[in-house]
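Step one of this worksheet: look at the structure below.
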Amino acid sequence: MTIGVKKVARPEKMSFGESLYLLEIMKGLAVTMGHFLHNIAHNKDIPTIEYPEVRRTMPARFRGCHRLMKRPDGSPRCVACYMCATACPAKCITIVAGESPDPAVEKYPVRFDIDMLRCVFCGQCVEACPCDAIRMDTGWHTPPEDTREKLIYMIDKLLEK
Amino acid sequence: MPNFTINGIAATVPDGTTILSAAHTIGIEIPHYCYHPKLSIAGNCRMCLVEVEKFPKLQIACNTVVTEGMVVRSDTEKVRKAVTGVLELMLIHHPVDCPICDQAGECGLQNYYMKFGLHKSRYDLEDKVHKKKVQDIGGQIVLDAERCILCSRCVRFLQEITKTGEMDFFQRADHSEISIFPGRKLDNDYTGNLADICPVGALTSKDFRFKCRVWFLSGVESICPGCSNGCNIVADFKGDILYRLKPRRNDDVNQTWMCDLGRLEYRKANESRLLVPVLREGGKPVAASWDEVLMTSAMRFREAAEKHGPGSVAVIASPQSSNEELFLAKKLASEILKTETIGFTSRTPGDGLSDDFLIKADKTPNSRGAQLLGFAEEGFGRAVKAISDGKIRALLIFGTALSDLSDAEVESLLSKVPFVAHVGTGDGAVSRAAHAVLPSASFAERGGTFTNFAGRVQRFRRGFAPRGKARNDIEIIVGLANRLGAGWKFDGEESVFKALSEASAPFSGMSYESLGSGGQAVAEGR
Ligand code: SF4
Ligand code: SF4
Ligand code: SF4
Ligand code: SF4
Ligand code: FES
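As they're listed, the protein sequences go chains A and B. This note's numbering puts the first residue of the first sequence at 1, with every later residue one more than the last. This note's numbering puts the first residue of the second sequence at 1, with every later residue one more than the last.
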């Protein structure tokens with residue numbers, strides 16, 4: 001079933017029938033009832049699915065949840081260059097850079113948060129990273145959480161995957 | 001006055017002008033690294049190559065003097081190829097660690113690579129010569145020898161400007177390396193300038209290190225509030241946080257330099273700020289609205305003057321205030337409060353370091369302005385005496401610190417006054433002793449002018465809105481005066497400056513327009 005857009009022009013003045021309201025409410029309920037009965041009769045065509053038991057197959061090139069890559073020794077590959085934060089159109093990446101104890105690394109992210117609620121999943125951050133330190137996973141989207149705080153992914157969460 | 005043409009544009013320049021500066025004056029930029037307007041010419045980077053008619057080879061624009069009838073071209077294919085070649089040579093051993101380099105975004109190599117380079121490296125990564133990175137060489141500087149392009153600006157700066165000569169080149173050829181002499185540290189008060197003049201990320205600021213990427217910053221023309229020299233600066237900020245101060249060229253004041261102490265002045269605008277108006281009745285501080293503090297202060301001043309005569313009111317101005325603010329403070333004191341107990345002091349805690357270059361012993365930006373606008377240093381002594389004699393019933397005090405008095409001294413002095421109203425940016429002994437705290441804007445949050453030690457009036461501009469509930473001083477003074485029945489209609493610093501220039505002889509004929517970005521000397525010094 002395709003979902004289209006139907007433009008309804010707003011009348012300048014309501015007719016007598018419309019100004020009675022009750023009549024219009026009946027008409028509205030009739031539409032709802034119509035869909036209800038139609039859906040019972042054509043069960044297979046309903047566009048909604050019973051998530052999480054049923055899941056959509058994601059397109060092969062879908063990129064969702066972020067992860068930060070690690071060096072062989074387990075430290076973050078990210079050097080806190082802010083390229084991703086600069087490229088991000090949603091301004092949802094917050095980085096605080098610090099002096100790394102390892103002089104060969106020099107700069108590392110003390111803090112690296114992505115606000116998944118603000119992210120628009122455009123992939124610009126992955127594109128911008130000069131170190132291949134940030135990637136987005138295929139096959140799954142941001143899992144739902146019950147608080148906003150849990151959806152601001154901190155560096156530990158981004159690295160643990 | 002030789003006539004010459006560059007890229008087909010004819011021009012006449014004074015004798016002895018080099019092609020590079022002649023081109024600059026007519027708006028043609030010739031790429032350069034080693035040339036710096038305030039240092040001797042080294043001619044070693046070869047970025048400024050141009051074609052000069054009748055010369056068989058390309059010439060360096062920074063060290064070729066314009067002669068009569070010279071025909072110069074900087075836009076030919078030959079020049080482009082040569083410049084690209086020079087750039088490629090410089091990048092052969094360059095680490096290109098832009099992601100972790102603080103210079104990125106304002107780097108000479110990045111900028112010219114985008115303009116003239118765009119080549120692929122023909123050199124194997126493994127063959128690059130490595131040099132010492134992350135060296136703390138003292139002062140405000142971190143050295144990364146690998147990123148150096150051997151332009152010698154730093155060496156010349158340390159020989160010609162500070163005359164301390166701590167750095168030089170060592171080794172030969174590919175292994176040539178900029179370094180500090182063994183066992184030495186940068187030992188002068190101007191080290192921060194090295195980070196500014198280094199065209200690449202070899203010398204970067206220790207203080208600014210990794211704090212912010214430069215492309216997130218916005219800059220505003222300002223004046224260093226660190227001493228009475230009034231060095232012209234650009235204040236770089238993001239949101240309502242100041243990140244760094246950099247010198248701005250003004251050949252009459254600071255050329256292109258500033259001192260290390262001044263560079264750290266930005267911290268005061270970020271730290272321990274007063275952000276909300278406070279009333280302290282019966283010893284307990286309570287946050288209040290602006291209307292409440294202004295109303296209460298006005299009432300207490302009126303009360304004191306009515307009960308004990310205008311002699312019971314005193315105003316202590318601050319040389320941290322702008323000319324405009326001082327003008328209004330003076331007007332408030334003499335026209336509205338009608339007191340003669342007024343004064344200011346340029347004394348500050350600390351040893352008052354000074355030298356014969358930029359740094360002045362007077363650590364305030366506007367004591368000259370305070371004097372010119374009718375506040376006297378002697379007045380401060382008189383005011384303090386009146387306070388300790390218990391004659392002052394209401395005191396209006398500007399500025400964060402009170403002279404070089406210790407916290408305990410400030411406390412015992414101010415405890416003698418039944419009502420102290422404090423207009424200041426920072427928390428301290430004065431604000432803790434005050435009965436009304438009127439938080440004011442930092443130098444980056446308001447506009448105005450300072451008069452430096454030599455009587456030069458210079459503008460500083462507002463970068464961003466005052467933090468928290470702080471307000472600019474003009475609004476505060478006008479608010480107070482109008483609650484005392486003044487009926488003033490000043491609207492922003494420009495209108496105040498206009499009134500000031502009409503009322504005060506040394507400033508006569510000046511306007512924000514005539515000050516421009518470089519400032520103007522007051523009448524007596526003109
Ligand atoms: S995917 Fe796009 S919106 Fe999300 S963090 Fe990356 S750049 Fe920002
Ligand atoms: S672009 Fe890559 S290296 Fe740079 S801060 Fe983002 S994740 Fe880290
Ligand atoms: S000096 Fe310039 S080119 Fe070199 S690493 Fe730093 S920003 Fe990049
Ligand atoms: S450190 Fe910087 S200023 Fe000094 S020679 Fe190298 S590139 Fe030039
Ligand atoms: S600027 Fe002319 S050689 Fe360096």
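C-beta atoms are modelled at their ideal positions from N, C-alpha and C, and glycine is treated no differently.
When every heavy atom of ligand 3 is checked, does at least one fall within less than 6 Å of the C-beta of residue i?
| i | result |
| --- | --- |
| L109/B | yes |
| V420/B | no |
| R147/B | yes |
| V200/B | yes |
In whole angstroms, what separates the C-alpha of residue i from that of residue j?
| i | j | result |
| --- | --- | --- |
| G549/B | A10/B | Nothing about residue 549/B can be reported from this structure: the residues present for chain B run from 1 to 526 only. |
| R459/B | C129/A | 42 Å |
| I359/B | P466/B | 29 Å |
| G282/B | G262/B | 40 Å |
| R10/A | A30/A | 20 Å |
| P31/B | R71/A | 39 Å |
| A333/B | T147/A | 57 Å |
| G139/B | A521/B | 33 Å |
| K330/B | L373/B | 7 Å |
| R526/B | S511/B | Summary for R526/B: the model assigns pLDDT 46, below 50, so the residue's position carries little reliability; its value from the coordinates is reported in the next sentence. Straight-line Cα distance between these residues: approximately 15 Å. |
| M299/B | R393/B | 12 Å |
| T209/A | E160/A | For residue 209/A there is no data in the structure shown, the boundaries of chain A being 1 and 161. |
| G16/B | A22/B | 10 Å |
| D124/B | T76/B | 31 Å |
| D355/B | L484/B | 45 Å |
Say yes only if the C-beta of residue i is nearer than 6 Å to one or more non-hydrogen atoms of ligand 4, and no if none qualify.
| i | result |
| --- | --- |
| L150/B | yes |
| I137/B | no |
| C45/B | no |
| R154/B | The sequence shown places Cys at residue 154/B, rather than the Arg named in the question. At least one heavy atom of ligand 4 is nearer than 6 Å to the Cβ of C154/B, so yes. |
| L203/B | yes |
Determine whether the Cβ of residue i lies closer than 7 Å to any Cβ atom of chain A.
| i | result |
| --- | --- |
| I477/B | no |
| F528/B | Residue 528/B lies beyond the range of chain B shown here (1 to 526); nothing can be said about it. |
| R244/B | no |
| P95/B | no |
| I137/B | no |
| I6/B | no |
| F490/B | no |
| F210/B | yes |
| I241/B | no |
| R213/B | yes |
| V134/B | yes |
| S176/B | no |
Any heavy atom of ligand 2 inside 6 Å of the beta-carbon of residue i?
| i | result |
| --- | --- |
| C259/B | no |
| A104/B | no |
| A80/A | yes |
| C84/A | yes |
Between residue i and residue j, which are expected to be in contact by the criterion C-beta below 8 Å, what is the C-beta distance as a whole number of angstroms?
| i | j | result |
| --- | --- | --- |
| D236/B | R249/B | Wrong, their Cβ atoms sit about 16 Å apart, outside the cutoff. |
| F443/B | S222/B | 7 Å |
| M154/A | D113/A | 6 Å |
| V65/B | T25/B | About 14 Å separates the two Cβ atoms, so there is no contact after all. |
| G379/B | I336/B | Their Cβ separation, rounded to whole angstroms, is 18 Å, which puts G379/B and I336/B out of contact at 8 Å. |
Hey, is residue i close to ligand 5, as in C-beta under 6 Å from one of its heavy atoms?
| i | result |
| --- | --- |
| Y35/B | yes |
| H24/B | no |
| I60/B | yes |
| H119/B | no |
| H66/A | no |
Answer yes or no: does any C-beta atom of chain B fall closer than 7 Å to that of residue i?
| i | result |
| --- | --- |
| A97/A | yes |
| C88/A | no |
| K107/A | yes |
| C81/A | yes |
| P72/A | no |
Compute the minimum distance between the beta carbon of residue i and the heavy atoms of ligand 1, and state whether it is under 6 Å.
| i | result |
| --- | --- |
| A133/A | no |
**Q.** contact_flag[the stretch 486–505 of chain B, the stretch 352–367 of chain B] where n(CB pairs < 8 Å) is 3 or more
**A.** no
Q.
With three or more beta-carbon pairs closer than 8 Å as the criterion, would you say the stretch 227–236 of chain B touches the stretch 402–414 of chain B?
A. As far as the Cβ criterion goes, the stretch 227–236 of chain B does not touch the stretch 402–414 of chain B, which means the pair count is below three.
Q. Three or more beta-carbon pairs under 8 Å between the stretch 343–360 of chain B and the stretch 418–435 of chain B, yes or no?
A. no
Q.
Taking 8 Å as the cut-off, does the stretch 73–89 of chain A touch the stretch 102–111 of chain A (at least 3 CB pairs, one atom from each stretch)?
A. yes
Q.
When you compare the stretch 306–324 of chain B with the stretch 270–284 of chain B, are there three or more beta-carbon pairs, one atom per stretch, that lie closer than 8 Å?
A. no
Q) Is the stretch 86–97 of chain B touching the stretch 135–152 of chain B, taking contact as three or more C-beta pairs under 8 Å? A) yes
Q) Between the stretch 80–92 of chain B and the stretch 47–54 of chain B, do three or more beta carbon pairs fall short of 8 Å? A) yes
**Q.** Any 3 or more C-beta pairs closer than 8 Å across the stretch 492–511 of chain B and the stretch 444–451 of chain B
**A.** Yes: the two stretches touch, three or more of their Cβ pairs being nearer than 8 Å.
Q: Count the CB pairs spanning the stretch 53–64 of chain B and the stretch 106–113 of chain B that are closer than 8 Å, and state whether there are at least three.
A: no
Q: Flag this pair as touching only if the stretch 86–96 of chain A and the stretch 118–138 of chain A have three or more C-beta atom pairs under 8 Å; answer yes or no.
A: Look at the beta carbons and you see the stretch 86–96 of chain A touching the stretch 118–138 of chain A: at least three pairs across the two are nearer than 8 Å.
Q.
Using a Cβ distance threshold of 8 Å, determine whether the stretch 188–208 of chain B contacts the stretch 427–442 of chain B, with at least three qualifying pairs required.
A. no
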